[in-house]
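So the protein lines, in turn, are chains Z and L. The opening position of the first sequence corresponds to residue 0 in numbering that gives the first Met the number 0, with each subsequent residue numbered one higher. The opening position of the second sequence corresponds to residue 0 in numbering that gives the first Met the number 0, with each subsequent residue numbered one higher.
There are 2 protein chains.
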Amino acid sequence: MIAEKMKPLVQNNSAIRAMFEEGRRLAGIYGAENVYDFSLGNPNVPAPKAIKTAIMDILNEEESTFVHGYMSNAGYEDVRAAIADELNERFQTAFHPENLIMTVGAASGLNIVLKTLLNPGDEVITFAPYFLEYNSYVRNYDGILTAIAPNTDTFQPDLKAFAQAIGEKTKAVIINSPNNPTGVVYSRETISHLGEILREKSREVGHAIVLISDEPYRELAYDGVFVPFVTKYYENTIICYSYSKSLSLPGERIGYVLIPDEVEDSKEVIQAAVIANRVSGSVNAPSLIQRVIRRCVHERANIEAYEKNRNLLYSSLVKFGFSCIKPEGAFYLFVKSPMADEKAFCELCKKHHVLVVPGSSFACAGYVRISYCVSYEQIERSLPAFEKIAGECGL
Amino acid sequence: MIAEKMKPLVQNNSAIRAMFEEGRRLAGIYGAENVYDFSLGNPNVPAPKAIKTAIMDILNEEESTFVHGYMSNAGYEDVRAAIADELNERFQTAFHPENLIMTVGAASGLNIVLKTLLNPGDEVITFAPYFLEYNSYVRNYDGILTAIAPNTDTFQPDLKAFAQAIGEKTKAVIINSPNNPTGVVYSRETISHLGEILREKSREVGHAIVLISDEPYRELAYDGVFVPFVTKYYENTIICYSYSKSLSLPGERIGYVLIPDEVEDSKEVIQAAVIANRVSGSVNAPSLIQRVIRRCVHERANIEAYEKNRNLLYSSLVKFGFSCIKPEGAFYLFVKSPMADEKAFCELCKKHHVLVVPGSSFACAGYVRISYCVSYEQIERSLPAFEKIAGECGL
């Protein structure tokens with residue numbers, strides 16, 4: 000019955016999601032407190048109190064038919080204006096509401112941008128390790144995703160290999176910083192150099208190559224690390240943002256696509272992206288939560304909690320003998336597997352009720368991803384298990 | 000910059016949406032009370048009070064990380080169970096939570112089902128007049144939409160022409176009853192006969208032809224008219240439902256796809272549809288509103304208000320000399336244009352600040368759609384304008 004294109008997707012259903020379901024199964028058997036599920040990026044930090052207050056106030060102050068009704072497919076104009084203002088204030092930019100399209104999270108934003116840009120056979124480049132769903136997103140529009148092999152010393156992108164990989168069919172590049180799964184923040188030097196390469200190569204291939212910046216983790220950065228605002232380094236940049244992590248609202252599916260005026264043919268690109276938002280079936284981002292964003296544009300979830308988690312988990316794992324780059328952002332540790340086959344290592348972890356995701360789920364075998372967007376107590380409780388695992392691996 | 004496929008969409012941007020923007024523009028000039036906008040299906044009836052109560056209760060009673068967090072891509076299981084129970088009670092069916100996938104409205108539901116089913120070149124049949132966005136939805140997956148010409152006496156589908164149009168490439172059929180734009184409810188005889196034809200033709204072409212029932216207007220039926228529950232008449236039926244109209248929540252983007260066990264390869268179809276929901280970028284339907292549905296599954300917006308609107312508008316238009324089938328459902332009147340070119344008629348209406356949508360926007364020239372999901376007062380205020388328009392048309 001099902002389409003040919005869906006068959007491989009059904010065969011290789013998301014390993015991360017499978018782990019999520021497995022975590023629920025194990026919790027049902029052993030009790031939630033005895034299962035250490037580090038598999039999913041589902042924030043355990045609650046949404047800021049201001050979210051609840053905003054919802055209550057909106058329901059009391061605004062008309063039901065307005066709050067729950069249709070608006071322009073791009074989203075409420077005052078919501079987009081509030082976001083533009085906030086960005087302009089922080090980054091000394093000059094965005095206006097027309098540059099913004101409210102979307103059903105960043106995943107939907109990425110789909111809309113790819114639908115807007117890609118012709119069948121167009122190539123999109125990204126950097127391993129990366130969120131494997133990018134493959135599905137690109138294939139949705141018959142594009143071809145190519146991943147540049149990782150530099151496992153720093154997990155900054157290998158820009159030499161990148162420059163060589165760009166060809167005439169290259170239409171777009173997807174970056175994700177702070178990065179899932181490594182937690183690495185791409186440096187100013189990286190982004191600046193990336194912009195130069197793209198500018199030069201766009202001239203060379205005779206068309207603009209679009210830099211798509213997938214930014215659900217923008218606000219999750221620690222130790223005062225500098226997170227470059229990408230539109231300032233390359234003119235043909237489109238940002239896909241999500242409030243899933245910054246406001247702990249992943250289930251609400253709320254984010255935006257930002258298409259600056261500097262993007263080539265920006266008016267047409269914006270119009271096409273709004274239409275893509277409509278015809279893909281989203282129609283518009285959920286309305287009540289859009290209204291909430293307007294009132295909470297300066298709010299952040301308690302990001303210090305993640306930093307505290309990172310510090311405990313990172314220092315403990317290193318103490319137990321694991322090897323891992325210290326993440327400066329997001330809420331993931333990308334740990335070198337002490338066993339050659341990291342899937343076997345994941346199985347060993349599972350025996351100790353520790354759920355982690357194999358690096359091959361991010362096109363980077365030999366590593367595992369540990370999501371530390373869990374309670375501090377879960378990390379504390381899990382440490383003896385990690386120590387035992389280290390022992391069994393001879394660390 | 001933009002993809003070839005997007006170019007015609009940018010060229011022919013939705014006439015209905017353009018009208019919506021035009022209505023806002025005119026309201027800005029003449030005042031909202033002097034513009035009679037009948038162009039969009041944006042319910043003016045507020046959501047039931049129970050929605051506000053449910054949101055407040057959820058925020059007070061349920062955990063933030065649960066209410067706003069990720070859940071299974073198909074949606075919260077208890078929400079799906081509540082919907083299955085409500086359907087089973089009303090329609091004597093035996094659905095279980097696994098038959099349901101919560102979606103970002105019916106538009107997203109249709110996209111997910113088409114993505115699940117269509118191979119490039121597959122044909123989908125629908126019945127004119129119909130919501131032209133179906134074209135975009137089908138083209139998203141490289142399918143071909145064919146529309147059966149309308150029977151303008153009854154606006155029941157022409158099943159003889161339908162049977163002849165089915166061929167080896169026919170994979171699915173989309174119906175929409177109560178219908179946008181005619182307000183007609185497909186009768187038991189129609190649905191029953193449709194099912195027989197599909198059963199016979201499926202055998203003939205050697206594969207199951209899926210009946211996709213797009214049901215945002217299911218609860219909007221008047222005069223006690225019988226609205227057949229389509230899964231009972233044909234085994235390979237998939238329902239795409241939306242709460243946009245029944246709970247007046249169109250901006251919230253909440254609905255479901257229902258895939259009964261009787262559908263061929265139902266387990267695989269359900270799994271593929273859940274994956275399509277994820278990879279299309281929705282990931283899941285908005286979480287808080289899902290939780291609201293669980294508590295409000297028996298609620299309905301004040302549908303009597305639409306019936307009252309229909310009665311006033313229909314009787315007035317007929318009195319002025321317009322010709323129109325009496326709608327039994329939805330909130331639209333499909334009026335015969337008194338001018339040969341119905342677009343010229345729409346322009347004449349606009350001169351009187353009356354906004355209506357040309358029938359050609361539903362593949363049925365010579366008619367206009369009037370949405371009566373507006374205030375009763377707007378209808379009252381607009382009647383002198385309609386009377387003048389009738390006069391200018393020599394009615």
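Heads up, the beta-carbon is just placed ideally off N, CA and C, and yes, glycines get one too. Note that this is a predicted model, so its numbers are computed, not measured.
Compute the distance between the beta-carbons of Val296 of chain Z and Ala105 of chain Z, then report whether it is under 9 Å. By one-based count along the first sequence, residue 296 of chain Z stands at place 297. By one-based count along the first sequence, residue 105 of chain Z stands at place 106. For Val296 of chain Z and Ala105 of chain Z, no; Cβs fall outside 9 Å.
Identify every residue that forms a DSSP beta bridge with Cys348 of chain L. Indexing the second sequence from 1 puts residue 348 of chain L at position 349. BP columns for Cys348 of chain L are empty, so no partner.
Drop a sphere of 10 angstroms on the beta-carbon of Asp213 of chain Z, count the other beta-carbons inside from all chains shown, and report buried for 16 or more, exposed for fewer. Position 214 of the first sequence, counted from the start, is the residue given in the question as residue 213 of chain Z. That one is buried.
For Tyr35 of chain L, does the three-state DSSP call read helix, strand or coil? Residue mapping note: residue 35 of chain L aligns to position 36 of the second sequence, counting from 1. Three-state result, Tyr35 of chain L: strand.
Give every residue of the same chain whose Cβ lies closer than 6 Å to the Cβ of Ala73 of chain Z, excluding the five residues on either side of it in the sequence, and list them in chain order. Residue 73 of chain Z sits at position 74 when you count from the first residue of the first sequence. Ile100, Val273.
With 16 other Cβ atoms within 10 Å as the buried cut-off, status of Gln289 of chain L: Along the second sequence, one-based indexing puts residue 289 of chain L at 290. It counts as buried.
Rounded to whole angstroms, what is the Cα-Cα separation between Tyr366 of chain Z and Asp157 of chain Z? Position 367 of the first sequence, counted from the start, is the residue given in the question as residue 366 of chain Z. Position 158 of the first sequence, counted from the start, is the residue given in the question as residue 157 of chain Z. Between Tyr366 of chain Z and Asp157 of chain Z, the C-alpha separation is close to 18 Å.
Return the CA-CA distance between Gly223 of chain Z and Thr125 of chain Z, expressed in angstroms with no decimal places. Within the first sequence, numbered from 1, the residue matching residue 223 of chain Z stands at position 224. Within the first sequence, numbered from 1, the residue matching residue 125 of chain Z stands at position 126. Cα-Cα distance, rounded: 26 Å.
Does the beta carbon of Tyr129 of chain Z come closer than 9 Å to any beta carbon on chain L? Indexing the first sequence from 1 puts residue 129 of chain Z at position 130. Tyr129 of chain Z does not count as touching chain L.
Determine the direct distance from the alpha carbon of Ser247 of chain L to that of Val44 of chain L, and round the result to whole angstroms. Numbered from 1 along the second sequence, position 45 holds the residue referred to as residue 44 of chain L. Numbered from 1 along the second sequence, position 248 holds the residue referred to as residue 247 of chain L. Distance between the alpha carbons of Val44 of chain L and Ser247 of chain L: 7 Å.
Strictly by DSSP, which residues pair up with Asp213 of chain Z? Taking the first residue of the first sequence as position 1, residue 213 of chain Z is located at position 214. DSSP lists Z:Cys239 as partners of Asp213 of chain Z.
Whole angstroms is fine: what's the gap from Ser71 of chain L's alpha carbon to Ala31 of chain L's? Within the second sequence, the letter at position 72 stands for residue 71 of chain L. Within the second sequence, the letter at position 32 stands for residue 31 of chain L. So the alpha carbons of these two residues sit roughly 43 Å apart.
9 Å Cβ cut-off: residues of chain Z touching Leu109 of chain L: The count along the second sequence starts at 1 and reaches residue 109 of chain L at position 110. Per Cβ cutoff of 9 Å: Gly280.
What are the start and end residues of the beta strand (DSSP E) that includes Ile173 of chain Z? Locating residue 173 of chain Z in the first sequence gives position 174, counting from the first residue. Unbroken beta strand (DSSP E) run through Ile173 of chain Z: 169-174.
Per the DSSP calculation, Arg368 of chain L is bridged to which residue(s)? Within the second sequence, numbered from 1, the residue matching residue 368 of chain L stands at position 369. BP columns for Arg368 of chain L point to L:Phe333, L:Val356.
Please tell me whether Leu354 of chain Z and Phe65 of chain Z are closer than 9 Å, where the distance is taken between their beta carbons. Here residue 354 of chain Z is taken as the residue at index 355 of the first sequence, counted from 1. Here residue 65 of chain Z is taken as the residue at index 66 of the first sequence, counted from 1. Their beta carbons are not under 9 Å apart, which means Leu354 of chain Z does not touch Phe65 of chain Z by this criterion.
6 Å Cβ shell around Glu61 of chain L - same chain, five flanking residues per side excluded: Position 62 of the second sequence, counted from the start, is the residue given in the question as residue 61 of chain L. Here Glu61 of chain L has no same chain residue with a Cβ atom under 6 Å from its own Cβ, once five neighbours each way along the sequence are excluded.
Using beta carbons (cut-off 9 Å, strictly below), is Ile292 of chain Z in contact with chain L? Start at 1 with the first residue of the first sequence, and residue 292 of chain Z comes out as number 293. No, Ile292 of chain Z does not count as interfacial toward chain L.
Glu327 of chain L to Thr189 of chain L, Cα distance in whole Å? As a first step, residue 327 of chain L must be located in the second sequence, where it is residue number 328. As a first step, residue 189 of chain L must be located in the second sequence, where it is residue number 190. Their backbone Cα atoms lie some 15 Å apart in a straight line.
Does the separation of the CB atoms of Phe330 of chain L and Pro42 of chain L fall below 9 Å? Taking the first residue of the second sequence as 1, we reach residue 330 of chain L at position 331. Taking the first residue of the second sequence as 1, we reach residue 42 of chain L at position 43. Yes, these two residues count as a Cβ contact at 9 Å.
Closest Cβ-Cβ distance between Phe19 of chain Z and chain L: below 9 Å? The count along the first sequence starts at 1 and reaches residue 19 of chain Z at position 20. True, the Cβ-Cβ gap to chain L drops below 9 Å.
Which of the three DSSP states, helix, strand or coil, is assigned to Met0 of chain Z? Taking the first residue of the first sequence as 1, we reach residue 0 of chain Z at position 1. In the structure shown, Met0 of chain Z sits in coil (DSSP, three-state: anything other than H, G, I, E or B).
Within chain L, the residues that Leu354 of chain Z reaches when beta carbons sit closer than 7 Å: In the first sequence, residue 354 of chain Z corresponds to position 355, counting from 1. Chain L residues near Leu354 of chain Z: none, gap ~15 Å exceeds 7 Å.
Looking only at its own chain, which residues have a Cβ that is under 7 Å from the Cβ of Glu386 of chain Z, when we skip the five neighbours before and after it? As a position in the first sequence, residue 386 of chain Z is number 387, starting the count at 1. For Glu386 of chain Z, where only same-chain residues beyond five positions count, the Cβ hits under 7 Å are Phe319.
Inter-residue Cα distance where the pair is Phe19 of chain L and Val373 of chain L: The residue labelled residue 19 of chain L in the question sits at position 20 within the second sequence. The residue labelled residue 373 of chain L in the question sits at position 374 within the second sequence. Phe19 of chain L and Val373 of chain L: Cα-Cα distance of roughly 13 Å.
Whole-number beta carbon distance between Leu312 of chain L and Ile253 of chain L, since they are thought to touch under 8 Å: To locate residue 253 of chain L, count along the second sequence from 1; it is residue 254. To locate residue 312 of chain L, count along the second sequence from 1; it is residue 313. Ile253 of chain L to Leu312 of chain L, Cβ: 29 Å. No contact.
So who's on the other strand from Val123 of chain Z, going by DSSP bridges? Working through the first sequence from its first residue, we reach residue 123 of chain Z at position 124. According to DSSP, which records beta bridges pairwise, Val123 of chain Z is partnered with Z:Leu144, Z:Ala171.
Closer than 6 Å by C-beta to Lys342 of chain Z: which residues in its own chain qualify, once you throw out the five before and the five after it? Chain order, please. Position 343 of the first sequence, counted from the start, is the residue given in the question as residue 342 of chain Z. Hits under 6 Å: Pro357.
Whole runs of the alpha helix (DSSP H) within the stretch 83-135 of chain Z, excluding any shorter than 4 residues: 104-116
Cα-Cα, which of Z:Gly393, Z:Asn283, Z:Ser360 is closest to Ser107 of chain Z? One-based indexing of the first sequence puts residue 107 of chain Z at position 108. For Ser107 of chain Z, the nearest C-alpha among the options comes from Z:Asn283.
Proximity below 9 Å, CB of Pro128 of chain L to CB of Phe361 of chain L: Mapped onto the second sequence, residue 128 of chain L falls at position 129. Mapped onto the second sequence, residue 361 of chain L falls at position 362. In this structure, Phe361 of chain L lies closer than 9 Å to Pro128 of chain L by Cβ.
Contact criterion: CB-CB distance below 9 Å. Does Gln377 of chain L meet it with respect to chain Z? As a working note, residue 377 of chain L is residue 378 in the second sequence. It does not: the Cβ of Gln377 of chain L has no partner Cβ on chain Z nearer than 9 Å.
Can we say the stretch 330-339 of chain L touches the stretch 170-190 of chain L, given the rule of at least three CB pairs closer than 8 Å? yes
Partners in chain Z for Met101 of chain L, counting only beta-carbon separations shorter than 7 Å: In the second sequence, counting from the first residue as 1, residue 101 of chain L sits at position 102. Those within 7 Å of Met101 of chain L in chain Z number zero; the least Cβ separation is about 11 Å.
Taking the C-alpha atoms as reference points, what is the distance between Phe90 of chain Z and Ala220 of chain Z? The residue you call residue 90 of chain Z lines up with position 91 of the first sequence. The residue you call residue 220 of chain Z lines up with position 221 of the first sequence. Computed Cα separation, rounded: 16 Å.
6 Å Cβ shell around Arg294 of chain L - same chain, five flanking residues per side excluded: Here residue 294 of chain L corresponds to residue number 295 of the second sequence, with the count starting at 1. Ala53.
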